[in-house]
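Peer 1: Right, I'll just put the structure down here and ask away after.
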Amino acid sequence: MTATNETHLFAMQALSTTFSPALSPATSTAFSLAGLCAGFDDPVHQSQQVFRRALTALSEPGTVQNVPESPAPEGAHSASYQLCLTLLDAETPLWIAPALRTDALVSALRFHCGCRLVDEPGQAEFALISPDFDGDLTHFAQGSHEYPDRSTTVIVQVESLDAASTWTLRGPGIDGIRKVGIAGLDPRWPGMLADNCRQFPCGVDLMFTAGTALMGLPRTTRVEI
Amino acid sequence: MTSAASNHNSDTESDSNGYNFAYLDEQTKRMIRRCLLKAVAVPGYQVPFGGREMPLPYGWGTGGMQVTATIIGQDDVLKVIDQGADDTTNAVSIRRFFARTAGVATTESTLAASVIQTRHRIPETPLSHGQILVYQVPIPEPLRFIEPRETETRKMHALQEYGVMHVKLYEDIARFGHIATTYAYPVKVNGHYVMDPSPIPKFDNPKMHGSPALQLFGAGREKRIYAIPPFTRVESLDFEDHPFEIQGWDQTCEFCGSDHSFLDEVVTDDEGGRIFICSDTDYCNQRFETGARQEAV
Chain A
1 MTATNETHLF AMQALSTTFS PALSPATSTA FSLAGLCAGF DDPVHQSQQV
51 FRRALTALSE PGTVQNVPES PAPEGAHSAS YQLCLTLLDA ETPLWIAPAL
101 RTDALVSALR FHCGCRLVDE PGQAEFALIS PDFDGDLTHF AQGSHEYPDR
151 STTVIVQVES LDAASTWTLR GPGIDGIRKV GIAGLDPRWP GMLADNCRQF
201 PCGVDLMFTA GTALMGLPRT TRVEI
Chain B
226 MTSAASNHNS DTESDSNGYN FAYLDEQTKR MIRRCLLKAV AVPGYQVPFG
276 GREMPLPYGW GTGGMQVTAT IIGQDDVLKV IDQGADDTTN AVSIRRFFAR
326 TAGVATTEST LAASVIQTRH RIPETPLSHG QILVYQVPIP EPLRFIEPRE
376 TETRKMHALQ EYGVMHVKLY EDIARFGHIA TTYAYPVKVN GHYVMDPSPI
426 PKFDNPKMHG SPALQLFGAG REKRIYAIPP FTRVESLDFE DHPFEIQGWD
476 QTCEFCGSDH SFLDEVVTDD EGGRIFICSD TDYCNQRFET GARQEAV
């Protein structure tokens with residue numbers, strides 16, 4: 001932990017020396033840390049708290065978990081951003097849907113997580129998308145029958161997770177059935193989720209976020225309308 | 226920016242021994258956290274992870290400890306049991322380890338705990354929603370003694386080719402007249418993966434089915450993590466004419482008189498004297514105390 005912070009401090013000093021306006025005015029805006037969105041104040045405990053909510057979200061699909069309020073870059077929901085800060089690092093290729101790929105988000109994730117951004121959704125271990133993204137869930141890594149864990153975890157930013165209940169969920173983590181209402185999904189979604197579930201053990205795992213709210217939908221969950 | 230604030234926090238919270246919160250570094254925790262999320266999403270599938278060396282030997286619960294270190298937070302209350310007991314060497318050392326490196330509260334009460342790390346037992350007191358049970362696993366692959374090649378066992382899981390496991394159980398029936406496997410009894414999770422429940426007695430297998438608690442399994446030497454989400458179907462393998470049965474005892478617990486808990490046989494002298502006592506010390510103490518109180522009234 002201490003080492004991480006020292007690295008960050010060092011990086012900041014190095015950046016500010018190299019790209020101070022006096023030395024290179026042309027690059028100062030591009031590399032300035034002035035507009036950079038903050039990461040966790042206390043990475044060890046905040047990431048643990050967010051992880052536990054993510055773990056509960058995926059192990060009890062359809063329940064709404066709330067992460068604490070914290071600033072997020074423009075275009076990213078607070079829950080999505082905190083999930084990224086918690087789970088991403090240099091080992092995890094990330095794909096961001098073009099609509100969400102803002103400079104603020106990209107630079108914040110590069111700085112705080114050091115993660116690699118990939119151009120192909122199929123190469124990504126994590127993906128950040130909006131519901132109207134171009135393509136369907138099979139574009140992401142599905143894992144293989146031998147290694148179903150090698151699949152993409154997809155974070156989907158939606159309008160709200162507490163809309164009127166339209167879906168009935170069944171599967172592991174659910175005692176009987178659970179009703180959920182996710183606002184802002186286009187009509188392709190139920191079909192895509194049914195296909196995703198049918199491929200078990202392959203398939204992607206989804207985390208829906210809206211503001212600070214978070215809901216998990218692993219590949220084992222069956223969705224009925 | 227944020228760095229000044231976090232330095233301050235880390236100084237006040239890091240232990241005097243200089244280790245990170247809960248011993249493991251953040252990079253390792255992130256890697257294990259990602260594996261845990263995949264494990265929960267594919268119940269019963271063994272996710273490979275980059276197991277770290279822990280400051281105790283393999284076989285002492287290094288896998289369980291890495292899972293516990295990864296999930297535990299400041300507000301958690303930790304209970305550690307070894308064969309049901311809170312007061313044996315393994316349980317005491319692991320409990321102390323986390324009290325020292327994470328500063329978390331510890332307990333011997335199953336009801337008070339939010340995280341329970343266990344070696345080879347599921348507590349008798351029913352677990353509740355929100356609790357996490359972390360198992361220490363020596364050999365995560367149930368097919369390993371039948372098929373030593375990892376490439377083959379992976380294929381067998383992928384194709385759900387579990388006939389050999391039934392043959393193994395059938396050989397028991399052919400030889401002894403009943404299924405003689407009494408611990409690490411294989412289960413099928415959510416109708417797909419056959420899973421080793423770790424060497425818990427088969428007495429505990431029914432407790433895994435539909436449990437409201439989240440069950441996580443860590444194998445340190447073999448570097449595998451797997452999970453059973455709450456309310457998941459867990460069936461012990463059996464045959465229509467030889468259904469799964471748990472063991473029972475003619476005796477009752479010498480201390481609390483329980484006739485329904487898992488009993489340990491204790492030799493008391495060298496003349497054949499023996500008593501039976503509950504293996505779950507917390508459960509036995511609870512019963513003993515309430516029983517004693519009732520007698521006093």
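Protein chains in written order, with our numbering: chain A, 1 to 225; chain B, 226 to 522. All residues carry an ideal CB built from backbone N, CA and C; glycine is no exception.
At the 9 Å Cβ level, is A/Leu-243 part of the contact set with chain B, yes or no?
Peer 2: A question about residue 243 of chain A goes unanswered here, because the residues of chain A that appear run from 1 up to 225.
Peer 1: Please go through the same chain and pick out, in chain order, the residues whose beta-carbon is closer than 7 Å to the beta-carbon of B/Thr-515, but skip the five residues on each side of it.
Peer 2: For B/Thr-515, where only same-chain residues beyond five positions count, there are no Cβ hits under 7 Å.
Peer 1: Quick check: is the beta carbon of B/Lys-432 nearer than 9 Å to any beta carbon in chain A?
Peer 2: Chain A contact via Cβ: absent.
Peer 1: What are the boundary residues of the beta strand (DSSP E) that A/Met-215 is part of?
Peer 2: From DSSP, the beta strand (DSSP E) with A/Met-215 extends over 213-217.
Peer 1: Within its chain, find whatever has a CB closer than 8 Å to the CB of B/Gly-504; leave out the 5 residues flanking it on each side and keep chain order.
Peer 2: It should be pointed out that residue 504 of chain B corresponds to Ser in this sequence rather than to Gly. Taken in chain order, the residues that qualify are Gln-308, Gly-309, Ala-310, Arg-346, Ser-486, Phe-487, Leu-488 and Asp-489.
Peer 1: Answer yes or no: do A/Glu-60 and B/Pro-351 have a C-beta to C-beta separation smaller than 9 Å?
Peer 2: Not closer than 9 Å, so no.
Peer 1: Could you pull out every residue in the same chain whose Cβ sits closer than 6 Å to the Cβ of A/Arg-222, ignoring the five residues on either side in sequence?
Peer 2: Result list for A/Arg-222: Arg-170, Gly-171 and Cys-197, in chain order.
Peer 1: Please check if any C-beta of chain A sits within less than 9 Å of the C-beta of B/Arg-258.
Peer 2: Closer than 9 Å to some Cβ of chain A, the Cβ of B/Arg-258 qualifies, so yes.
Peer 1: Compute the distance between the beta-carbons of B/Met-390 and B/Pro-422, then report whether it is under 9 Å.
Peer 2: In this structure, B/Pro-422 does not lie closer than 9 Å to B/Met-390 by Cβ.
Peer 1: So, B/Phe-322 versus B/Met-290, is the Cβ gap smaller than 9 Å?
Peer 2: Yes; because the gap between Cβ atoms is below 9 Å, this pair is in contact.
Peer 1: If the cut-off is 8 Å on Cβ atoms, which residues from the stretch 455-470 of chain B count as contacting chain A, listed in chain order?
Peer 2: Correct list: Pro-455, Phe-456, Thr-457 and Arg-458.
Peer 1: Leaving aside the five residues before and after B/Phe-513 along the sequence, list all residues of the same chain whose C-beta is less than 8 Å from its C-beta, in chain order.
Peer 2: Phe-480 and Cys-481.
Peer 1: Check the Cβ of B/Lys-448 against every Cβ in chain A and list those closer than 7 Å, keeping chain order.
Peer 2: None at all; the shortest Cβ gap to chain A is about 13 Å.
Peer 1: Tell me whether the beta-carbon of A/Pro-73 lies closer than 9 Å to the beta-carbon of A/Ala-104.
Peer 2: Yes.
Peer 1: Nearest CA to the CA of A/Phe-40: which residue from A/Thr-63, A/Glu-69, A/Arg-52 and A/Ala-54?
Peer 2: The candidate whose alpha carbon is nearest that of A/Phe-40 is A/Glu-69.
Peer 1: Is the beta carbon of B/Glu-251 closer than 9 Å to that of B/Pro-365?
Peer 2: Result no, Cβ atoms of B/Pro-365 and B/Glu-251 do not sit closer than 9 Å.
Peer 1: Determine the contact status of B/Thr-378 and B/Arg-369, defining contact as a CB-CB distance below 9 Å.
Peer 2: Cβ distance < 9 Å, so B/Thr-378 and B/Arg-369 count as in contact.
Peer 1: Determine the direct distance from the alpha carbon of A/Leu-88 to that of A/Leu-109, and round the result to whole angstroms.
Peer 2: Each residue's alpha carbon lies about 9 Å from the other.
Peer 1: Of all the CB atoms in chain B, is at least one closer than 9 Å to the CB of A/Asp-149?
Peer 2: By this cut-off, A/Asp-149 is an interface position.
Peer 1: Give me the subset of the stretch 191-219 of chain A whose CB atoms are less than 8 Å from a CB atom of chain B, sorted by chain position.
Peer 2: Residues passing the 8 Å Cβ filter: Phe-200, Pro-201, Asp-205, Pro-218 and Arg-219.
Peer 1: So A/Leu-100 packs on A/Ala-76, CB below 8 Å; how close in whole Å?
Peer 2: The pair is a contact, with the Cβ atoms about 7 Å apart (cut-off 8 Å).
Peer 1: Where does the unbroken alpha helix (DSSP H) through B/Asp-375 begin, and where does it stop?
Peer 2: Per the sequence shown, the amino acid found at residue 375 of chain B is Glu instead of Asp. Run containing B/Glu-375: 375-383, per the alpha helix (DSSP H) assignment.
Peer 1: Taking the alpha carbon of A/Ala-164 as the reference point, which residue from A/Gly-211, A/Gly-181 and A/Val-154 has its own alpha carbon closest?
Peer 2: Closest option to A/Ala-164, Cα to Cα, is A/Gly-181.
Peer 1: Alpha carbon to alpha carbon, what distance is there between A/Leu-217 and A/Ser-80?
Peer 2: Taking the straight line joining both Cα atoms gives about 15 Å.
Peer 1: Between the stretch 434-448 of chain B and the stretch 457-466 of chain B, are three or more C-beta pairs nearer than 8 Å?
Peer 2: Cβ pair count under 8 Å is three or more, so yes.
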